[in-house]
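Worksheet: one structure, shown below.
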Amino acid sequence: MVARGEDRLRGRLSALHRIVARAGVALEQSREELLAEALTALDLEFGSVMQVREGIAYPTTFLARRPDATPVRNPHPLDELIASVVVARGATFAAADLADDVTLRDHLQVRERGVRAYVGTPVQAGGGDAFVLTMGSTHPRATPFAGEDLAYVELLAALFAQSLRHEMQERSIERLSHHDRLTGFPLESRMLERLGAMVAAGEPFSLLALDIDIARILGEYDYGLSARVLAAVARRLETVVGPRMAAYRGHETDFFVVLDDGLDVGTLANDVRRVLALPFSLDGHEIVVSGAIGIAANPRASELADVTVARAVQAVREARAGSWTTTRVATFDDDAGRLRARLLGELRGVAERDELVLHYQPVLRVSDGSVRGVEALLRWQHPHLGLLQPSAFIPLAEENESVVAIGMWVLRRAARLARRLADAGYAISVAVNVASAQIQDVAFIDRLRFATREAGVPPSALELEITETAALRDMAAATNVLSECRELGVRVALDDFGTAYASLAYLRDLPSDIVKIDRSFVGALPDDPRAAAIASATIVLARRLGRVVQAEGVETAEQLAWLVDEGCDLVQGYYLGVPMDEEKLLAHLAIPWNPLVRR
Numbered sequence: 013m014v015a016r017g018e019d020r021l022r023g024r025l026s027a028l029h030r031i032v033a034r035a036g037v038a039l040e041q042s043r044e045e046l047l048a049e050a051l052t053a054l055d056l057e058f059g060s061v062m063q064v065r066e067g068i069a070y071p072t073t074f075l076a077r078r079p080d081a082t083p084v085r086n087p088h089p090l091d092e093l094i095a096s097v098v099v100a101r102g103a104t105f106a107a108a109d110l111a112d113d114v115t116l117r118d119h120l121q122v123r124e125r126g127v128r129a130y131v132g133t134p135v136q137a138g139g140g141d142a143f144v145l146t147m148g149s150t151h152p153r154a155t156p157f158a159g160e161d162l163a164y165v166e167l168l169a170a171l172f173a174q175s176l177r178h179e180m181q182e183r184s185i186e187r188l189s190h191h192d193r194l195t196g197f198p199l200e201s202r203m204l205e206r207l208g209a210m211v212a213a214g215e216p217f218s219l220l221a222l223d224i225d226i227a228r229i230l231g232e233y234d235y236g237l238s239a240r241v242l243a244a245v246a247r248r249l250e251t252v253v254g255p256r257m258a259a260y261r262g263h264e265t266d267f268f269v270v271l272d273d274g275l276d277v278g279t280l281a282n283d284v285r286r287v288l289a290l291p292f293s294l295d296g297h298e299i300v301v302s303g304a305i306g307i308a309a310n311p312r313a314s315e316l317a318d319v320t321v322a323r324a325v326q327a328v329r330e331a332r333a334g335s336w337t338t339t340r341v342a343t344f345d346d347d348a349g350r351l352r353a354r355l356l357g358e359l360r361g362v363a364e365r366d367e368l369v370l371h372y373q374p375v376l377r378v379s380d381g382s383v384r385g386v387e388a389l390l391r392w393q394h395p396h397l398g399l400l401q402p403s404a405f406i407p408l409a410e411e412n413e414s415v416v417a418i419g420m421w422v423l424r425r426a427a428r429l430a431r432r433l434a435d436a437g438y439a440i441s442v443a444v445n446v447a448s449a450q451i452q453d454v455a456f457i458d459r460l461r462f463a464t465r466e467a468g469v470p471p472s473a474l475e476l477e478i479t480e481t482a483a484l485r486d487m488a489a490a491t492n493v494l495s496e497c498r499e500l501g502v503r504v505a506l507d508d509f510g511t512a513y514a515s516l517a518y519l520r521d522l523p524s525d526i527v528k529i530d531r532s533f534v535g536a537l538p539d540d541p542r543a544a545a546i547a548s549a550t551i552v553l554a555r556r557l558g559r560v561v562q563a564e565g566v567e568t569a570e571q572l573a574w575l576v577d578e579g580c581d582l583v584q585g586y587y588l589g590v591p592m593d594e595e596k597l598l599a600h601l602a603i604p605w606n607p608l609v610r611r
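Just so you know, we're using the numbering used here here: the sequence shown kicks off at 13 and counts up by one.
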């Protein structure tokens with residue numbers, strides 16, 4: 013029996029050796045192939061190699077043997093993964109069936125992901141972060157993991173460790189050859205390479221150039237202190253250079269910052285001025301630094317990178333023509349798209365800055381006038397532009413992908429309101445609008461579960477509204493995600509029905525519970541015969557398909573009367589209740605009042 017196990021182990025290791033031999037020194041290219049071989053050898057369904065940093069697991073390699081298998085593909089809190097056991101123990105952990113382990117049978121991965129068989133081991137790659145090799149299956153193993161299985165997994169982890177060390181060494185060598193030793197910033201040559209690639213790919217960008225007045229410091233202090241001032245300036249720059257920006261070291265006293273499309277370079281310039289205005293304390297001296305800032309943009313990626321750099325440098329010269337007593341800014345840019353660029357930049361982190369607000373509009377049952385739910389309506393309380401409607405910023409948020417983070421904020425706030433309503437004795441659902449990017453986000457279902465679990469409400473407390481346009485961008489993804497939502501008990505409403513070209517197919521194919529007649533039709537009722545015909549047909553068709561019919565944008569008694577007579581199920585609009593904040597909503601619900609009596 014032992015001999016058979018050793019023979020099996022040797023055969024498995026030979027297969028790994030052949031993969032490594034083919035890969036040669038480029039071992040990192042073979043990680044996926046190694047993982048595939050291991051999954052086959054151990055008869056497991058999925059696996060990942062994860063880097064663990066500050067409690068978050070970042071998959072570097074992942075693989076599934078079946079389309080429905082679920083490896084960890086995205087960054088995930090470590091404590092929600094079985095891999096946390098491996099990290100805590102610092103040793104290999106294996107289970108033929110996690111459901112038999114009393115300490116893990118209720119773990120999130122077991123309960124919600126259905127993980128049953130599992131094996132994981134540390135990957136000793138060195139450096140400051142931990143790595144973990146983890147493999148599993150949604151089916152229990154017929155037999156426990158044998159000693160040769162665990163030895164095989166640990167030898168596989170050693171191969172991954174070798175690959176990761178090799179990759180980290182290459183990165184270290186690359187960094188030394190292309191980075192400034194004084195500041196640690198990439199050199200200007202690297203910036204030109206990046207900008208050239210961005211222009212070739214048609215990616216717009218902005219550029220900030222900074223020249224530090226070091227001559228005065230050289231005159232008053234020695235060269236060593238001047239170099240330390242430049243290093244200190246670099247550290248200050250790092251505090252204001254955010255995501256999707258990159259700082260570079262130019263010649264002598266020059267620095268550059270490249271900003272991706274949509275980021276506000278003017279805001280960055282003000283931030284740079286602010287941090288440079290503070291004195292530097294070095295060797296007992298309080299040193300005041302000034303400089304000149306130049307700004308240039310390539311909004312359509314239509315000019316060579318060198319030209320944009322030259323324009324930024326020219327703007328520096330213009331700024332330098334004034335006094336050096338304070339840091340001055342000059343721009344070499346046009347005004348086209350300035351507001352758009354500003355909003356694109358400011359949308360990053362808008363939720364963290366607590367600038368988003370939700371207003372809630374009641375949805376009433378036609379049968380008795382009772383409140384059946386509320387729709388959460390998003391607003392942006394911009395610090396300078398006032399209260400912005402979704403149409404002013406959601407398209408931009410979809411463009412720069414901040415809509416996923418904004419959508420998560422909305423889900424969490426809506427779930428909290430649902431909890432508060434339930435505690436107050438109201439059986440009322442909260443509807444939220446879902447953007448196309450959220451539907452295409454592979455982690456959307458996880459985000460939905462997290463929001464409801466965090467608030468302590470069932471998923472059925474929320475309702476999702478999706479427009480035809482959003483669904484039609486990826487019909488397959490929308491169908492799959494909405495099916496999963498309905499399996500969780502979340503109701504789905506098809507919003508703005510009738511405004512896109514594929515409305516009937518959309519109604520037939522998309523999993524849904526509610527059809528919302530678009531306000532453009534409701535607003536024309538009852539006098540416009542075409543709007544009346546479309547609204548009436550929608551009600552009849554939706555009812556035959558077993559859907560609930562809801563009309564939005566009801567603003568007059570005549571519109572309400574027509575909808576009631578035609579058999580509409582739910583109504584909302586200013587005539588029935590204006591959007592209001594959370595406190596006003598609770599006060600509104602406490603008043604016994606049936607607005608349908610006004611008919």
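For glycine and all other residues, C-beta sits at the position ideal for the given N, C-alpha and C.
When the Cα atoms are used, Q562 and C580 turn out to be separated by approximately 6 Å.
Using a C-beta cut-off of 8 Å, the region 156–164 makes no contact with the region 197–211, since fewer than three inter-stretch Cβ pairs fall below that distance.
Assignment of beta-bridge partners to N445 by DSSP yields E477. Look at D266 here: in three-state DSSP terms it is strand. Per the Cβ contact rule, the region 537–551 is not in contact with the region 588–599 (fewer than 3 Cβ pairs under 8 Å). With a threshold of 16 other beta carbon atoms within 10 Å, E477 meets it and is buried. A50 sits close to M147, with the two beta carbons spaced by under 8 Å.
Shown here for Q584: same chain residues with a beta carbon closer than 6 Å to its own, the five before and five after excluded, namely Q373, V375 and E564 in chain order. Listed in chain order, the non-local C-beta contacts of V64 below 8 Å within the same chain comprise Y70, L90, A95, V99, D141, A142, F143 and V144, local neighbours out to five positions each way being set aside. One alpha carbon belongs to I451, the other to V469, and they sit about 22 Å apart. Here R117 is exposed. Its C-beta has fewer than 16 other C-beta atoms within 10 Å.
The Cβ atoms of R360 and P255 lie closer than 8 Å to each other. Measuring C-alpha to C-alpha distances from E264 to each of E250, V277 and V245 identifies V245 as the nearest. Comparing C-alpha distances from N86 to each of T72, H119 and A76 shows the shortest one belongs to T72. Under DSSP, W574 takes part in no beta bridge, so it has no partner.
By the Cβ rule, the region 388–401 does not count as touching the region 446–464, because fewer than three pairs are nearer than 8 Å.
DSSP places E298 inside the beta strand (DSSP E), whose first and last residues are H297 to I299.
Judged by DSSP in its simplified three-state form, H119 adopts coil rather than helix or strand. For L237, the closest of R206, L176, V362 and V300 by C-alpha to C-alpha distance is V300.
The continuous stretches of beta strand (DSSP E) do not include A602, and DSSP gives it neither H nor E.
The beta carbon of D223 is closer than 6 Å to those of T265, D266, G303, A304 and V328 in its chain, skipping five residues each way along the sequence. Within the region 339–427, the runs of alpha helix (DSSP H) at least 4 residues long that lie entirely inside it are, in chain order, 350–359 and 402–411. DSSP lists G59 and V131 as the bridge partner or partners of M147. Counting only residues of its own chain and dropping the five nearest sequence neighbours on each side, P471 has a CB closer than 6 Å to the CB of T464, L500, G501 and V502. When DSSP states are grouped into helix, strand and coil, G306 belongs to the strand group. Looking at G385, P395, R384 and G381, the one whose alpha-carbon comes closest to that of E367 is P395.
Out of G437, F74 and V504, the CA that lies nearest to the CA of L46 is found in F74. In this model, T279 and M180 are separated by some 35 Å (Cα to Cα).
Here D318 is not near R261, since their CB atoms are 8 Å or more apart. Residue S149 holds the alpha-carbon nearest to the alpha-carbon of V127 among V135, A108 and S149.
V97 places its beta carbon less than 8 Å from that of F105.
According to the DSSP assignment, F456 belongs to the alpha helix (DSSP H) that extends over F456 to A467. If the five residues before and after V165 are omitted, its C-beta is found closer than 6 Å to the C-beta atoms of V131 and T133, all from its own chain and listed in chain order.
In this structure, L242 is the residue among L242, A212, R285 and L290 with its C-alpha nearest to the C-alpha of I226. The residue from L93, R559, A331 and A543 with its alpha-carbon nearest to that of L522 is R559. C-alpha of I457 to C-alpha of S441: approximately 18 Å in a straight line.
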